[in-house]
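Below: the structure, in structure tokens.
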Amino acid sequence: MTDTTDVGADPGRSSTPHTGFDLGSVHDALADWRGLDSFLQELTVQAVRMVDSADSCSVTMHRGGRLVTTATSDSEALVLDALQYDVEAGPCVCSLEKGVEMYVADTLSEQRWGPYPRLAAAQGIRSVFAAPLSVQVRVADPPRRSTPDVRRNTVGALNLYSRKPRAFQEDMEIARRFSEQAAGAVAVAQRIEAEAEAAEDLRAAMRSRYVIDQAIGIVMARQRCPADEALGVLRKASQGRNVKLRELCAELVMQTGGSPPKPGAFANRG
Numbered sequence: 001m002t003d004t005t006d007v008g009a010d011p012g013r014s015s016t017p018h019t020g021f022d023l024g025s026v027h028d029a030l031a032d033w034r035g036l037d038s039f040l041q042e043l044t045v046q047a048v049r050m051v052d053s054a055d056s057c058s059v060t061m062h063r064g065g066r067l068v069t070t071a072t073s074d075s076e077a078l079v080l081d082a083l084q085y086d087v088e089a090g091p092c093v094c095s096l097e098k099g100v101e102m103y104v105a106d107t108l109s110e111q112r113w114g115p116y117p118r119l120a121a122a123q124g125i126r127s128v129f130a131a132p133l134s135v136q137v138r139v140a141d142p143p144r145r146s147t148p149d150v151r152r153n154t155v156g157a158l159n160l161y162s163r164k165p166r167a168f169q170e171d172m173e174i175a176r177r178f179s180e181q182a183a184g185a186v187a188v189a190q191r192i193e194a195e196a197e198a199a200e201d202l203r204a205a206m207r208s209r210y211v212i213d214q215a216i217g218i219v220m221a222r223q224r225c226p227a228d229e230a231l232g233v234l235r236k237a238s239q240g241r242n243v244k245l246r247e248l249c250a251e252l253v254m255q256t257g258g259s260p261p262k263p264g265a266f267a268n269r270g
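Here it is, written out as structure tokens:
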């Protein structure tokens, strides 16, 4: 049975209660966008700083059909996550899959999740708190429904580790509030990441189109034909050689101009 005996505050840690998120750091990370994983890294570092009981922190997410650790405050958290993935059980795995909080007061007395508690204890970890990173998503409105259907979707789990038993009982509310605020920040970060990827896809498409347009111009000049006919010639050659149209066009531009094709000025505008 899980040990839930209360203990006093650790005199070696700050006795001043934190109130949650460092919004300034979050805003800085969003403004100086370096990708979702970099943002999550900032969250893990901040969690250890804000939750006195936490020695390490990580974020677990689904990627490519499997669980992965997308950010950690240190290498120890990475090892502790990997142990859960190996045995396919543990508080962070359960929190992500079920969308609920999971608390291990003492790994030496914890009976859930098979061998994981003993494995964590062997690494020196005695307490674990895992909270889902859940965001609201709007579902397509069903017919004859006056209000939109909004549901919560768990996109990850925030995992806090401590070397002391019953470590999170004193600041459970702080840890819970931090995870709730972190979930909102992650939702914003994911939208920024999606927009950045979409913008890059558009730039790539524009670069590709520019190269194809150059090749069309070359074929039009050589064969004295209209643009649609020139494009047909290029497509036929692409299929005949079993290469992508853009690659064939880039090769033609290189052969004609003596240098790799360069994108137009529009591709460099931010």
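Here full-length UniProt numbering is used: position 49 in the sequence shown is 49, and no number is missing along the way. Virtual Cβ for every residue (Gly too), placed ideally from N, Cα, C. Computed from a predicted model, the values in this text were never measured in an experiment.
Per DSSP, cross-strand counterpart(s) of residue i
i	result
Y161	S56 and V128
G156	L133
R63	R66
Bounding residues of the beta strand (DSSP E) (the contiguous stretch that carries residue i)
i	result
A187	That residue, A187, is in no beta strand (DSSP E); its alpha helix (DSSP H) goes M172 to Q223.
L67	R66 to T72
8 angstroms Cβ cutoff met for residue i and residue j
i	j	result
V93	S73	no
T154	S134	yes
L43	A82	no
R176	A131	yes
V51	P91	no
Q123	V79	yes
L245	S238	yes
F168	L160	yes
R163	R126	yes
A115	V87	Per the sequence presented here, residue 115 reads as Pro, with Ala not at that position. The answer is yes: Cβ separation under 8 angstroms.
W33	A194	no
Spatially closest choice to residue i from the options, by CA coordinates
i	options	result
L252	N242, P226 and V219	V219
Q255	E97, A205 and A215	A215
residue 275	R166, S38, L202 and S56	No information on residue 275 is available, as it lies outside the stretch 1 to 270 that the chain covers here.
S208	A250, D228, V87 and D86	A250
W113	S38, R63, E197 and Q84	Q84
S53	L119, E173 and K98	E173
A47	L36, V59 and D37	V59
I212	C225, S38, L234 and R222	L234
L96	A189, A196, G156 and Q111	G156
S38	V186, T107 and L119	V186
L36	P165, A77 and A189	A189
E110	R203, A121 and V243	A121
Y103	A77, D228, L119 and P165	P165
R152	G184, D171 and E170	G184
E247	R222, A227 and Y210	Y210
L40	A182, R203 and R49	A182
R49	D171, E101 and L119	D171
L108	E101, K98, Q223 and L119	L119
Delimiting residues of the alpha helix (DSSP H) encompassing residue i
i	result
R49	L36 to M50
A77	S75 to V87
R246	L245 to G257
V233	A227 to R241
V93	P91 to K98
R118	Y116 to A122
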